[in-house]
Amino acid sequence: MKTGLERVARALCELDANPPDATMDGKPLWQDYLPEAWAAIMAVREPDPAMIGAGTRRAAEGMGDDIGGIYRAMIDAAMEGQPNAPPSGAERSGAITCGRLETV
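Sequential numbering of the sequence shown, starting at 167, is according to our numbering.
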């Protein structure tokens with residue numbers, strides 16, 4: 167399983183219209199996006215009030231043992247109402263999808 171940091175770096179790579187599995191100078195292109203991925207994750211490391219509320223509600227619904235569900239609810243709350251964000255519920259699978267393009 168890929169780490170969260172790698173998944174974010176791959177998503178940023180793809181956002182720039184680059185195939186994340188491509189290589190440059192012998193290393194995967196997505197690795198060039200690790201500093202940006204690190205910064206993005208650190209920016210949401212401290213939850214805002216909406217995130218805390220979403221996590222608290224999820225736990226109060228009897229889902230206190232569903233740590234992944236609580237985490238996703240908190241991230242969904244952080245994204246809610248943001249311009250250019252996917253519609254609510256669009257990314258409920260918990261996985262970031264990166265293209266699987268063949269490289270030469």
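Built from N, CA and C at the ideal position, the CB exists for glycine as well. Fair warning: this is a prediction, and the values are worked out from it, not measured in the lab.
Whole-number beta carbon distance between residue j and residue i, since they are thought to touch under 8 Å
i              : j           : result
alanine 220    : alanine 239 : 4 Å
glutamine 197  : alanine 177 : Contact doesn't hold; Cβ gap of about 13 Å is too wide.
leucine 195    : proline 186 : 6 Å
isoleucine 207 : glycine 170 : 7 Å
Opposing strand residues paired with residue i [DSSP bridges]
i              : result
methionine 190 : Lys193
Residue environment, residue i, which counts as buried when at least 16 other CB atoms sit within 10 Å
i              : result
glutamate 172  : buried
glycine 265    : Low local confidence applies: a pLDDT of 38 at glycine 265 is under 50, so the model's placement there is unreliable, and no value is given.
isoleucine 236 : buried
arginine 258   : The pLDDT assigned to arginine 258 is 41, lower than 50, so where the model puts this residue is not dependable, and the model offers no usable value.
glutamate 268  : Residue placement at glutamate 268 cannot be trusted, given a pLDDT of 32 that sits under 50; what the coordinates show is reported in the next sentence. The residue is exposed, with fewer than 16 neighbouring Cβ atoms inside 10 Å.
aspartate 231  : exposed
arginine 224   : buried
glutamate 227  : exposed
methionine 190 : exposed
methionine 217 : buried
Bounding residues of the alpha helix (DSSP H) (the contiguous stretch that carries residue i)
i           : result
valine 174  : 170-181
glycine 221 : 215-224
glycine 247 : Careful: glycine 247 lies outside any alpha helix (DSSP H) and carries neither H nor E.
proline 201 : 200-209
Open item on the list: Under 8 Å, with one C-beta from each stretch per pair, do the stretch 210-226 and the stretch 243-250 reach the 3-pair mark?
Closed with: Yes, the stretch 210-226 is in contact with the stretch 243-250.
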